[in-house]
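For reference, the structure is listed below as structure tokens.
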Amino acid sequence: MHLSAKTEYACIAVLELATRFGTGKPVRIREIADPNGIPSRFLVQILLQLKSAGIVGSTRGAAGGYQLMKEPSEITLAEVMAASEGQIADPISSAGQQTPATRSLFAAWNELAAAERKLLESISFAQLAEHATNQTDNMYYI
């Protein structure tokens, strides 16, 4: 699977907000951007997309910032990826001829895409936040 920088940054932003969920304090853009090496101007655009999707909300003013609009357990990787890039597309065959070989491969690609979608829909940001706060190594085990 290939993730764009935009999708990765969107997931990082939501995860940062998930680890701070329930504090009642909005998180400023710099608190997300600086430690993660995300360009602030790019993060603003990403957060606006996430806001349009109803994943995050914003508060204006000196004490303003961003926060999640629902529980981290209700937000999945699939939802954030869809908000960032659009719905995860099914594979499209680029083979010019429909032969038994190309149909067989296309069926395998579809099966792989379905498994990927199912996995992304099963991982919540509550799980990721728990792992991030209890991290003892650099691997995420499923």
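Take the sequence shown: its letters are residues 8 to 149, numbered as in the working numbering.
Positions of the beta carbon are idealized from the N, C-alpha and C atoms, including for glycine.
Run of the beta strand (DSSP E) containing residue i, from where it starts to where it stops
i	result
Thr66	63 to 66
Continuous alpha helix (DSSP H) stretch holding residue i: start and end
i	result
Gln74	It is not in any alpha helix (DSSP H) - Gln74 instead sits in the beta strand (DSSP E) that spans 72 to 75.
Lys32	Neither: Lys32 is in no alpha helix (DSSP H) and is coded neither H nor E.
Met88	84 to 92
Ala122	107 to 129
Leu135	132 to 140
Ser47	47 to 59
Leu22	12 to 26
6 Å Cβ shell around residue i - same chain, five flanking residues per side excluded
i	result
Phe28	Leu75, Pro79
Phe107	One point to set straight first is that residue 107 is Pro, not Phe, in the sequence displayed. Taken in chain order, the list of residues that qualify is empty.
Ala85	Leu127, Glu128
Val39	Checking the displayed sequence, the identity of residue 39 turns out to be Ile instead of Val. Result list for Ile39: Ala20, Glu23, in chain order.
Ser47	Ile36, Ala40
Asn43	Ile19
CB-CB length for residue i against residue j, believed under 8 Å
i	j	result
Asn36	Leu50	According to the sequence as given, residue 36 is Ile; it is not Asn. At roughly 6 Å, the Cβ-Cβ gap stays under 8 Å, so Ile36 and Leu50 are in contact.
Val87	Ala133	13 Å between Cβ atoms; not a contact.
Spatially closest choice to residue i from the options, by CA coordinates
i	options	result
Ile99	Ala89, Asn117, Gly68, Glu86	Asn117
Ile45	Arg67, Ala25, Ala20, Gly68	Ala20
Ile77	Ala139, Ala25, Gln142, Glu15	A small fix is needed here, since residue 77 is Lys in this sequence, not Ile. It is Ala25 whose Cα lies nearest to the Cα of Lys77.
Thr30	Ala121, Pro42, Ser101, Tyr73	Tyr73
Residue i, buried or exposed, once every other Cβ within 10 Å from all chains shown has been counted against 16
i	result
Pro33	buried
Ala115	exposed
Glu23	buried
Leu135	buried
Leu57	buried
Contacts around residue i, its chain only, beta-carbon distance under 8 Å, and the 5 residues preceding and following it disregarded
i	result
Lys13	Phe49, Ile53, Ser91, Glu92
Gly5	No answer is possible for residue 5: it lies beyond the span of the chain, which begins at 8 and ends at 149.
Thr83	Leu127, Glu128, Ser129, Ile130, Ser131, Phe132
Residues of its chain near residue i, where Cβ-Cβ distance is below 7 Å and the 5 sequence neighbours each way are ignored
i	result
Gln105	none
Ser11	Glu92
Ala60	Ala90
Thr140	Thr26
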